[in-house]
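Input: a single structure, listed below in structure tokens.
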Amino acid sequence: LKRAKQTDRIEIYEPEAAMLSDNRFGLETELRNAIEEDRLHLAFQPLIEMASGRVAGFEALARWDNSSGVAVSPTEFIPIAEDSGLIVPLGQWAIGKAAAVLADWDRQNGGQVVNAYFSVNVSAIQLVRDDVAGVVRQALQKHGIGGERLMIELTESAIIGDPDLALSVLRELKALDARVAMDDFGTGYSNLAYLQRLPIDVLKIDRSFVEHMVDDRDKVAIVRTIQSLAEVLGMKTTAEGVETTDQARLLSALGCDFGQGYLFARPMDGKAALDYWRQSLTRPIF
Ligand code: C2E
Ligand code: MG
Ligand code: MG
Ligand code: MG
């Protein structure tokens, strides 16, 4: 597209730019193969209930090691997946995989349902192009798990783009008992009228507000405002990027419901996450 627009212009060959786009194309091809061959995996980061210090669930985060065995960051491959349309199969894979791991955990737990949900990221692009609720329904059916075990994380842009579509998808998800979280809240341009209309369970307070809150009163004011907003709208809050006990204490004092961050744990593989959940039953994390 970019090229077509430039046909009447003199093109200057930029070796660096060409190399970058070559690399991007190479990554896209590799990513396509990795999805087809089921070579991505999920990492799980605990979501801690601040009041009890218990594990409420885990955010499921996509991980990809390229053909050279090097881990490519989601902040690099998710935008590539979004630009190329690969985000749709990637998102379908993530929802299916999360459901499969939950069913596996229940089996490993002696057939007893593990009392923890997985929160899966869904891109705005997938929301528009795919039947997200249908994908969730099929994953739940295939693996025989209840909808309350899954939470779907959407960003503000997913809702702003087409609020009516978002509303109908969210309603379908609620009908399946799945929950919905608004990811990175406070960084987009949420329309408060839409927010009130949407069946959202959790606002995830973006890491950028948590990062310097201990010595930045403006950040505290923003967190306080998001917390009040959530309370008025009957939603819960999860603070992202909690790295220090001072932050955790302050967030707790402000009424924040859940915390996620390196203070508690980094994202880990499924086996370690199940162990983490088991240990949290006898010993509160926070
Ligand atoms: P996100 O959904 O906001 O996920 C939280 C990110 O913050 C994760 O980065 C996590 O590792 C990181 N994080 C957690 N605690 C801390 C902390 O205490 N300090 C700091 N500095 N970072 C922390 P990750 O795994 O690199 O993912 C980055 C982003 O990529 C995610 O942000 C999400 O937007 C996207 N992403 C990851 N997996 C998927 C996926 O399966 N589908 C889609 N659509 N997007 C995904
Ligand atoms: Mg997320
Ligand atoms: Mg987030
Ligand atoms: Mg974030």
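So the mapping is simple: UniProt numbering equals the position in the sequence shown, first residue as 1, plus 284.
C-beta: ideal position from N, C-alpha, C; glycine also.
If you're wondering where the values come from, they're calculated on a predicted model, not measured in any experiment.
What is the DSSP secondary structure of residue i, reduced to helix, strand or coil?
{"i": "Asp292", "result": "At Asp292, the pLDDT of 49 sits below 50, so the modelled position is not reliable and the matter cannot be decided from this model."}
{"i": "Met466", "result": "strand"}
{"i": "Leu285", "result": "No answer about Leu285 holds up, because its pLDDT of 34 lies below 50 and its placement is not dependable."}
{"i": "Asn393", "result": "coil"}
{"i": "Tyr473", "result": "coil"}
{"i": "Ser403", "result": "strand"}
{"i": "Gln544", "result": "coil"}
{"i": "Val486", "result": "strand"}
{"i": "Leu434", "result": "strand"}
{"i": "Ala459", "result": "helix"}
{"i": "residue 229", "result": "Shown here, the chain extends from 285 to 570; a query on residue 229 therefore has no answer."}
{"i": "Ala549", "result": "coil"}
Which residue wins for smallest C-alpha separation from residue i, given the options the options?
{"i": "Glu333", "options": "Gly543, Phe548, Trp377 and Trp561", "result": "Gly543"}
{"i": "Lys381", "options": "Pro358, Lys503, Leu517 and Asn405", "result": "Asn405"}
{"i": "Gly545", "options": "Leu315, Leu331 and Ala327", "result": "Leu331"}
{"i": "Met552", "options": "Arg308, Ala318 and Leu326", "result": "Leu326"}
{"i": "Ser441", "options": "Leu411, Arg533 and Ile362", "result": "Leu411"}
{"i": "Gly525", "options": "Gly539, Ala387, Phe493 and Ile362", "result": "Phe493"}
{"i": "Thr313", "options": "Asn350, Glu527, Asp446 and Ser407", "result": "Asn350"}
{"i": "Val516", "options": "Gln531, Val507 and Gln480", "result": "Gln480"}
{"i": "Tyr401", "options": "Pro373, Gly369, Ile436 and Leu374", "result": "Ile436"}
{"i": "Ser512", "options": "Arg491, Gly539 and Leu534", "result": "Gly539"}
{"i": "Val416", "options": "Pro447, Val385, Arg433 and Val372", "result": "Val372"}
{"i": "Arg421", "options": "Arg391, Asn393, Glu456 and Asp448", "result": "Glu456"}
{"i": "Asp541", "options": "Gly337, Arg323, Arg316 and Ile319", "result": "Gly337"}
{"i": "His496", "options": "Leu487, Lys488, Val507 and Val486", "result": "Val507"}
{"i": "Lys488", "options": "Ala459, Ala523, Leu454 and Asp502", "result": "Ala523"}
{"i": "Val385", "options": "Gln563, Arg567 and Leu558", "result": "Leu558"}
{"i": "Gly470", "options": "Gln563, Thr521 and Leu534", "result": "Thr521"}
Going by DSSP, what residue range makes up the alpha helix (DSSP H) through residue i?
{"i": "His496", "result": "No alpha helix (DSSP H) holds His496; DSSP gives it neither H nor E."}
{"i": "Phe361", "result": "Pro358 to Ser368"}
{"i": "Ile444", "result": "Glu440 to Gly445"}
{"i": "Asp349", "result": "Careful: Asp349 lies outside any alpha helix (DSSP H), inside the beta strand (DSSP E) at Arg338 to Asp349."}
{"i": "Tyr560", "result": "Gly554 to Thr566"}
{"i": "Ala417", "result": "Val416 to His427"}
{"i": "Ala408", "result": "Ala408 to Arg413"}
Around the Cβ of residue i, are there at least 16 other Cβ atoms within 10 angstroms (buried) or fewer (exposed)?
{"i": "Gln290", "result": "Unreliable placement is indicated for Gln290, whose pLDDT of 45 sits below 50; the coordinate value is still reported in the next sentence. Looking at its Cβ environment, which holds fewer than 16 other Cβ atoms inside 10 Å, Gln290 is exposed."}
{"i": "Tyr473", "result": "exposed"}
{"i": "Gly428", "result": "exposed"}
{"i": "Arg463", "result": "buried"}
{"i": "Phe309", "result": "exposed"}
{"i": "Leu565", "result": "exposed"}
{"i": "Ala365", "result": "buried"}
{"i": "Glu321", "result": "exposed"}
{"i": "Arg550", "result": "exposed"}
{"i": "Leu449", "result": "exposed"}
{"i": "Leu285", "result": "Summary for Leu285: the model assigns pLDDT 34, below 50, so the residue's position carries little reliability; its value from the coordinates is reported in the next sentence. Exposed, since its Cβ has fewer than 16 Cβ neighbours within 10 Å."}
I'd like the span of the beta strand (DSSP E) that includes residue i, first residue to last.
{"i": "Thr528", "result": "That residue, Thr528, is in no beta strand (DSSP E); it is neither H nor E in DSSP."}
{"i": "Ala327", "result": "His325 to Glu333"}
- Item | Any heavy atom of ligand 6 nearer than 5 Å to the CB - residues listed | For the structure depicted, ligand 6 is absent and the ligand set comprises only ligand 1, ligand 2, ligand 3 and ligand 4.
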